[in-house]
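Worksheet for the structure shown next.
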Amino acid sequence: MNKNSTQITEVSFIDSIIEKIGKKLSWGYLLIVLISFYEIVARYIFNSPTSWVHEASIAIAGFLMVYAGLFSYGRNKHIRVPILLDRVSIKARKYLELFSNLITLLFLGLLVYSSYFIAKSSVVSPGGEIILERSGSAWNPPIPSLLKVSIFILSVIFFIQVFVRIKSSIIISKK
183 MNKNSTQITE VSFIDSIIEK IGKKLSWGYL LIVLISFYEI VARYIFNSPT SWVHEASIAI
243 AGFLMVYAGL FSYGRNKHIR VPILLDRVSI KARKYLELFS NLITLLFLGL LVYSSYFIAK
303 SSVVSPGGEI ILERSGSAWN PPIPSLLKVS IFILSVIFFI QVFVRIKSSI IISKK
């Protein structure tokens with residue numbers, strides 16, 4: 183990051199909570215490695231493959247990847263293309279970053295809206311009963327429902343996180 187950066191260095195309350203939870207959730211990657219190792223040993227040494235390791239590891243990785251978006255945004259380590267930002271004035275950079283955050287907020291608003299209906303249909307039947315959508319495999323866990331609900335919840339948190347960032351940048355720019 184160059185000295186003319188306009189990025190907010192202040193960490194919001196929501197960013198600090200996401201950071202703390204993210205550090206604990208990062209152990210999930212080790213869990214994926216361990217259960218995958220278990221599957222390899224069970225399959226190739228004991229000729230007894232599992233019916234759950236593949237689905238569980240994919241579900242854990244999927245959840246962690248969605249959470250990684252929150253985590254990297256909170257640390258301001260998300261992907262940036264500085265070609266344009268490095269060539270404009272600090273004032274123009276502030277406007278471009280605000281525009282970028284507003285586009286992100288719009289995207290997340292649409293994601294929250296659509297993921298709500300997807301999550302709802304995977305948890306509540308048309309008759310109003312709570313029935314979790316299942317994978318349909320031999321193990322048949324409710325992973326699809328859990329992932330869809332978690333994507334909705336994490337999208338809401340991400341939306342709030344971006345909103346707080348925009349609010350902070352507007353307050354800082356007025357000073």
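Read in the numbering used here, the sequence shown has 232 at position 50, and its numbers run on one by one without any break. Even glycine gets a Cβ: it sits at the ideal position worked out from N, Cα and C. Quick caveat, the model's predicted, so the values are computed rather than measured.
Taking 4 residues as the minimum length, the alpha helix (DSSP H) runs contained wholly in the stretch 324–357 are 325–356, in order along the chain.
Here I227 carries a coil assignment [DSSP, helix/strand/coil]. Shown here, V294 sits in a helix according to DSSP, grouped into three states. Distance between N322 and H236, taken at the CA atoms: about 12 Å.
For L266, the CB contacts under 8 Å within the same chain, skipping 5 residues up- and downstream, are L278 in chain order.
Each residue's CA atom was taken as its position, placing L287 and I227 some 50 Å apart. No Cβ-Cβ contact shorter than 9 Å links D197 with V331. Going by C-alpha positions, K302 is about 16 Å away from L292. Annotation for S239: the continuous alpha helix (DSSP H) segment containing it runs V235 to G256.
For the set Y295, L328, P324 and L336, the Cα lying nearest the Cα of G204 is the one of L336.
Note on geometry: alpha-carbon atoms of I300 and P308 lie some 13 Å from one another.
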